[in-house]
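Residue numbers (the working numbering): 200 to 280.
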């Protein structure tokens, strides 16, 4: 499971406890949302809902990696200078 999380979301920034907390909160919220949306997709059976469910599973980790990487670099630049 840890390999899958690392593959999807990248590695957490261990030097800041707050950034690590943000990382794990995002991972847990992603898992909870995926379970709820999968349940809704199964119950409704709508094809468009399945498409949005799959796109959400793919797009959220990509956007998270980008934003988390930018915030981590800004955090490093501020506190290392």
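Note that the Cβ used here is the ideal one computed from N, Cα and C, for glycine as well.
Keep in mind that this is a model prediction, so the values were computed, not measured.
Exercise for the section: Round the Cβ separation of residue 227 and residue 218 to the nearest angstrom and send it over; I've been treating them as touching at under 8 Å. Expected result: Wrong, their Cβ atoms sit about 15 Å apart, outside the cutoff.
Problem - Contacts around residue 251, its chain only, beta-carbon distance under 8 Å, and the 5 residues preceding and following it disregarded - result: Excluding residues within five positions, none has a Cβ falling inside 8 Å.
Handout entry: Best match in 240, 235, 225, 242 for proximity to residue 174 [C-alpha to C-alpha]
Key = Beyond the ends of the chain as shown, which are 200 and 280, falls residue 174; an answer cannot be given.
Exercise for the section: Compare the C-alpha of residue 254 against each of 278, 233, 201, 203 and name the closest. Expected result: Selected option, being the one with the closest Cα: 233.
Handout entry: For residue 251, three-class secondary structure by DSSP
Key = Helix.
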